[in-house]
Amino acid sequence: MADWSLEKMVKKEYRNVEKTLIIPDIHCPYEDKGAVHAVVAFSKEYKPDKIKILGDIVDFYALSKFDKEPDRITGLQKEIDVAQYYLDLIRKSNPKADITLFEGNHEIRLMKYLRKNPEISSLRSIRSADRLLEVSKFNIKYRTNEIHHGILVKHGNVVRKHSAYTAKGEFDNEGTSGISGHTHRLSAHYITNRNGQHAWYEMGHLCDENQAEYMEGKVPNWQKGFGLVEYDKDRKIWRVEQIPIIGDSFIYGSKTYKWRSNQKFEDRDSL
Ligand SMILES: [Fe+2]
Ligand SMILES: [Fe+2]
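Going by the numbering used here, the sequence shown wraps up at 320, each residue one higher than the last.
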């Protein structure tokens, strides 16, 4: 009988895998506090080399062109304070990680508002969302998009009716593998052509559905969750994992992570 074993044929290597945590739409101050804190707690254990915050970190509801419900207007400063609270929490929990915040359409709301009010738009500190959020204070980069090992990472601007339709739409437009937020849905769309195997992923959201949009009693067709990208630097292959959050828990690596839905977060709640 030949001298072989499965272990010799299929080897495991751990050394050269780069780990990236993907944090989708938070929409401060309408975030799901438990879910965002749970993802940050998870990051302390997962220890990502990189973190990509996919945009719409701030709702900027105060600047929305849509009709405002009076009790939803909490003020621009509070929205910024809450976003900075999470940027600080993510940075302190991951002191060595390379962190990038991507520009979402809710951050663009700021620029649109300022363009309509040119008398204040010349102020340097409010000329862009990254300056207003002071992202550099947290050693966080701000980008509109980025190629991450051949995967285009961006907030996204396509919205189709169903999960994965948008992922297909983004791939059709961009012609490359990618990751986006924006739709608040989870999905993957795979494509194989003469250039190889590709995929586009919609990464869900981390906001409180009951507060984030005025749904007129409808159930939003959204999925809460977050993602991971693992990249083998030697073999130059990657794998994207999507982790759905169901209520107040999620499963990763055969373990369930759970929190109380009415959990208090003193530092956040005091803002
Ligand atoms: Fe968006
Ligand atoms: Fe969003």
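Virtual Cβ for every residue (Gly too), placed ideally from N, Cα, C.
The alpha-carbon separation between V131 and S303 amounts to approximately 32 Å. Look at H233 here: in three-state DSSP terms it is coil, with no helix or strand label. Take the alpha-carbon of E195 and the one of L201: they are about 6 Å apart. Burial of D108 is indicated by the presence of at least 16 other C-beta atoms within 10 angstroms of its C-beta. For D81, the distance from the CB to the nearest heavy atom of ligand 2 is not below 7 Å. Closer than 7 Å to some heavy atom of ligand 2: that describes the Cβ of D74. Of R164, I72 and P269, the smallest CA-CA separation from L136 is found for I72.
When DSSP states are grouped into helix, strand and coil, H247 belongs to the strand group. Note on N143: 16 or more other CB atoms within 10 angstroms of its CB, so buried under the neighbour-count rule. Nearest neighbour of G199 by Cα position, chosen from L320, S92, K61 and R288, turns out to be R288.
In this structure, the beta-carbon distance from I189 to L159 does not fall below 8 Å. With 5 Å as the limit between CB and the heavy atoms of ligand 1, the residues that fall short of it are D105, G153, N154 and H231.
Contact between the segment 244 to 254 and the segment 214 to 230 is present, with at least three C-beta pairs closer than 8 Å. The three-state secondary structure of V89, taken from DSSP, is helix.
Contact check for G276 against E290 passes: the beta carbons are separated by less than 8 Å. Annotation note: the segment 271 to 296 contains the following uninterrupted beta strand (DSSP E) runs of length 3 or greater, listed N- to C-terminal: 274 to 281 and 286 to 293. Distance from the CA of I102 to the CA of K68, rounded to the nearest whole angstrom, comes to 14 Å.
About 7 Å separates the CB atoms of H76 and H155; that is less than 8 Å, so the two are in contact. It is roughly 12 Å from the alpha-carbon of T225 to the alpha-carbon of H238. When DSSP states are grouped into helix, strand and coil, S319 belongs to the coil group. Counting C-beta atoms within 10 angstroms of its own C-beta, P78 has 16 or more neighbours from the protein chains shown and is therefore classed as buried. Judged by DSSP in its simplified three-state form, K101 adopts strand. Between ligand 2 and H238, a heavy atom-to-CB distance of less than 7 Å is absent. Under the DSSP assignment, R158 falls in the alpha helix (DSSP H) whose first and last residues are N154 to K165.
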